[in-house]
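In the UniProt record's numbering, the protein residues as written are 1 to 491.
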């Protein structure tokens with residue numbers, strides 16, 4: 001899938017950012033082999049870091065200590081993984097890792113357990129018993145690999161947890177809960193999920209706006225799974241599932257009221273706080289609430305005639321394949337936003353909270369537009385939307401960025417340093433010899449692991465927030481920007 005990149009503006013003429021080579025290890029990878037896959041992971045119990053480089057024939061394993069020195073390296077043969085993807089991992093109580101490969105339809109899952117001392121492996125086969133389930137998401141939790149599925153008709157989710165060579169099944173039953181849309185009509189859980197597919201958010205990384213505009217989101221925490229549902233613009237409905245007790249708790253948080261009507265709303269969950277946003281052509285409201293108490297911690301309301309004073313970026317509008325341009329007024333921004341899927345993304349680095357608020361094209365409209373081939377691209381860039389046989393299709397996205405400290409005080413641009421993720425994405429976009437890259441959060445920094453095709457080595461680089469004059473990677477930046485993160489997802 002092609003991704004459009006957006007710019008995180010940092011106004012500076014000379015910038016140095018923090019990145020350090022942790023180690024480099026010779027690794028033989030045939031670049032012509034399309035079956036190459038690479039995974040970098042941490043054993044949370046020992047803090048050892050493992051690198052698994054696989055193709056259809058062999059698996060190379062690099063093991064690093066908690067100080068990130070190479071402890072061991074070996075290669076073991078693989079069998080029967082043709083046309084299968086490496087989808088996850090788990091660690092057993094003995095510290096040995098298990099890797100999971102799957103067919104595209106998830107019907108067959110192969111678990112390859114690696115025995116580190118003997119340098120051998122064993123393959124186990126798992127097969128889904130029911131063809132009436134489809135995969136909603138896959139994720140790591142508590143050193144286990146998990147697959148979440150939805151039954152086609154029943155109002156349930158099934159959680160499969162893989163660990164120690166076994167699969168634990170847990171049922172999430174939503175049949176007894178009440179779901180009511182904006183018109184007061186009662187709906188079923190299956191109807192809600194069918195119309196608003198579940199999108200998993202990442203707690204440790206920046207979530208692009210094209211994922212956070214989803215109306216149903218999943219947040220995976222230690223021993224908990226949080227589901228937020230924003231299908232009804234009047235409120236956010238939340239289900240909190242305890243993976244140990246298998247208990248589900250429901251909470252509801254009302255959205256901000258508007259005397260001028262309300263059309264769009266959404267939310268984002270982060271660090272036991274619920275961030276809610278509502279918007280129409282007249283105004284935008286933003287609220288921060290304590291998840292445990294329901295207390296409103298901070299509120300902002302902006303009308304179409306106001307200036308959004310808490311933003312650090314311009315009001316951007318962006319279309320596929322084009323650079324973002326600025327919308328000059330809040331009125332124009334809200335006008336475009338009213339035709340889009342509203343959302344926000346929140347990222348916290350223990351000091352400040354970074355926000356992206358905006359809208360992305362509605363998927364059903366984009367699908368309709370994909371078959372329409374007669375609109376000139378230059379003409380499309382001048383219009384608020386593009387015309388097709390069903391009317392106006394809005395292919396633009398609009399957004400702005402903001403940063404608050406722990407006291408919800410707005411920070412100005414000159415007081416903000418780049419995030420580690422900004423530094424990583426800049427590095428990736430300026431180094432073309434990088435392949436098979438992985439990013440993991442490790443202790444208080446990030447590790448970018450990748451195969452360097454020029455040196456034929458696996459390299460790990462350390463990235464952290466901020467600038468570091470002792471480690472000059474960039475010498476000069478003469479244009480007012482350079483730190484890049486994925487923003488839009490386009491076909």
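Even for Gly, the Cβ is constructed at its ideal location relative to N, Cα and C.
For clarity, every value in this text was computed on a predicted model and none was experimentally measured.
| Item | Value |
| --- | --- |
| C-alpha gap between residue 439 and residue 183, whole angstroms | 44 Å |
| Alpha-carbon spacing of residue 492 relative to residue 201, whole angstroms | Nothing about residue 492 can be reported from this structure: the residues present for the chain run from 1 to 491 only. |
| Candidates 459, 412, 423: closest to residue 433 by CA position | 459 |
| Distance CB(residue 150)-CB(residue 136) smaller than 8 Å | yes |
| Test item: CB-CB of residue 61 and residue 50 under 8 Å | yes |
| First and last residue of the uninterrupted beta strand (DSSP E) at residue 446 | 445-452 |
| Classification of residue 410 by the beta-carbon crowding that lies within 10 angstroms, buried from 16 upward | exposed |
| Residue closest to residue 251, alpha-carbon to alpha-carbon, out of 258, 245, 273 | 273 |
| Backbone secondary structure at residue 29 - three-state DSSP | coil |
| Length of the line joining the Cα atoms of residue 227 and residue 86 | 26 Å |
| Rounded C-alpha distance that separates residue 318 from residue 58 | 44 Å |
| Per-residue burial, residue 418 [other beta carbons within 10 Å of its own, 16 or more giving buried] | buried |
| Per DSSP, cross-strand counterpart(s) of residue 102 | 85, 109 |
| Coarse secondary structure for residue 331, derived from DSSP in three states | helix |
| Three-state secondary structure (DSSP) of residue 322 | coil |
| Straight-line Cα distance separating residue 297 from residue 291 | 10 Å |
| Exposure of residue 421, with buried meaning 16 or more beta-carbon neighbours within 10 Å | buried |
| Exposure label - residue 232; buried when at least 16 CB within 10 Å | buried |
| N-terminal and C-terminal residue of the beta strand (DSSP E) that residue 151 is part of | 144-151 |
| Collapsed DSSP secondary structure at residue 190 in the structure displayed | helix |
| Residue from 147, 121, 437, 330 with nearest C-alpha to residue 128 | 147 |
| Complete alpha helix (DSSP H) runs within the region 175-238 (minimum length 4 residues, chain order) | 189-195, 209-212 |
| Local Cβ density within 10 Å of residue 100, reported as buried at 16 or more and exposed below that | buried |
| Residue interval of the alpha helix (DSSP H) (run including residue 428) | 420-429 |
| Euclidean distance between Cα positions of residue 222 and residue 145 | 13 Å |
| Nearest residue (CA-CA) to residue 300, options 446, 21, 156, 255 | 255 |
| Check whether residue 172 and residue 180 have beta carbons under 8 Å apart | no |
| Whole-Å CB distance - residue 265 paired with residue 276, under 8 Å assumed | 7 Å |
| Cutoff 7 Å; reference residue 451; Cβ partners in own chain excluding five residues on either side | 27, 29, 38, 435, 436, 458 |
| Exposure of residue 247, with buried meaning 16 or more beta-carbon neighbours within 10 Å | exposed |
| Collapsed DSSP secondary structure at residue 298 in the structure displayed | strand |
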